[in-house]
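Participant: Pasting in a structure now, in structure tokens, and then I'll have a few things to ask.
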């Protein structure tokens, strides 16, 4: 992780996370973070959104996440790798949130963890079936306790980022040898990348692939 990004994840005003979110919630959080190798002392200096990201990241013992796997595969094959956005742009969305919003997201994420495997499997099955309408409905139905916050965050995390990524990928699409990977929830919907590319005049069709069983 970039040094600047790492620094942005920590509180810098002298406050601690337990002071901001309360001892009860921090106690629950500490147990989750400790399982990921982050001590309570370290956890106390994280911003609420950073703690949320830490507990929802894939278990490193399970290997690379898909995007990391593709990245390392490309490097291993000496292929040029470019990014459609920076980590600072991604994480800045959370850093712009108020403390109350960050705390709400953190608590919702902690409650969501107990069902994460079931939810992720449903998303995977839906993606592999090619049913993008259902995928979009699943993605937009996973709201937390605050509907207004969920809608606002979805606009920032999905819709606005899609517009940026669609614009930035256009130069690469001129090269018919480019391979572009994005998260599945960026594909469907009015502001989804597939629709945005069609509006640019591109013919977008799903590839015929053989899916291997897990």
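In full-length UniProt numbering, the protein residues as written are 1 to 214.
Every residue gets a Cβ at the ideal spot worked out from N, C-alpha and C, and that includes glycine.
So, with DSSP's three-state summary, where would you put residue 196?
Facilitator: In the structure shown, residue 196 sits in a helix (DSSP, three-state: H, G or I).
Participant: First and last residue of the alpha helix (DSSP H) that includes residue 56?
Facilitator: Run containing residue 56: 48-56, per the alpha helix (DSSP H) assignment.
Participant: Look at residue 33 and residue 51 and say whether their C-beta atoms are less than 8 Å apart.
Facilitator: The answer is yes: Cβ separation under 8 Å.
Participant: Going by beta carbon distance, what residues of the same chain come within less than 7 Å of residue 197, once the five residues before and after it are set aside?
Facilitator: Contacts found: 166, 204.
Participant: So within the stretch 102-131, which uninterrupted alpha helix (DSSP H) runs reach at least 4 residues, ignoring any that extend past its ends?
Facilitator: List check, alpha helix (DSSP H) in window: 116-129.
Participant: Since residue 268 contacts residue 29 with CB under 8 Å, what's their CB separation in whole angstroms?
Facilitator: Because the chain spans 1 through 214 in this model, residue 268 falls outside it and cannot be assessed.
Participant: How would you call residue 43, buried or exposed, if buried means at least 16 neighbouring beta carbons within 10 angstroms?
Facilitator: Label assigned to residue 43: buried.
Participant: Quick one: is residue 162 buried, meaning 16 or more other Cβ sit within 10 Å of its Cβ, or exposed?
Facilitator: Residue 162 should be labelled buried.
Participant: Grab the span of the alpha helix (DSSP H) containing residue 87 for me, first residue to last.
Facilitator: Segment 87-95, the alpha helix (DSSP H) holding residue 87.
Participant: By the 10 Å Cβ neighbour count, where 16 or more other Cβ atoms means buried, how is residue 26 classified, buried or exposed?
Facilitator: With 16 or more Cβ atoms within 10 Å of its Cβ, residue 26 is classed as buried.
Participant: I need the straight-line Cα distance from residue 117 to residue 129, nearest angstrom please.
Facilitator: Distance between the alpha carbons of residue 117 and residue 129 is about 18 Å.
Participant: Report the residue from 147, 176, 182 whose alpha carbon sits nearest the alpha carbon of residue 164.
Facilitator: The shortest Cα separation from residue 164 among 147, 176, 182 belongs to 182.
Participant: How would you label residue 124, buried or exposed, when you count the other beta carbons within 10 angstroms and need 16 or more for buried?
Facilitator: Residue 124 is exposed by the Cβ-count criterion.
Participant: May I ask you to report which of helix, strand or coil DSSP gives residue 26?
Facilitator: Three-state result, residue 26: helix.
Participant: Please report the straight-line C-alpha distance between residue 179 and residue 82, rounded to a whole angstrom.
Facilitator: Their backbone Cα atoms lie some 10 Å apart in a straight line.
Participant: If you compare alpha carbons, which of 122, 23, 80 is closest to residue 175?
Facilitator: Nearest option by C-alpha distance: 80.
Participant: Taking the C-alpha atoms as reference points, what is the distance between residue 93 and residue 55?
Facilitator: So the two alpha carbons sit approximately 18 Å from each other.
Participant: Please work out which residues of its chain come closer than 8 Å, Cβ to Cβ, to residue 126, disregarding the five sequence neighbours upstream and downstream, and give them in chain order.
Facilitator: Same-chain partners within the cutoff: 134, 135, 138.
Participant: If residue 191 and residue 147 are in contact, beta carbons under 8 Å, what's the gap, nearest whole angstrom?
Facilitator: Contact flag wrong, Cβ pair sits at about 19 Å.
Participant: So if DSSP puts residue 179 in a beta bridge, which residue, or which two residues, is it bridged to?
Facilitator: DSSP, once it has assigned bridges, lists no residue as partnering residue 179.
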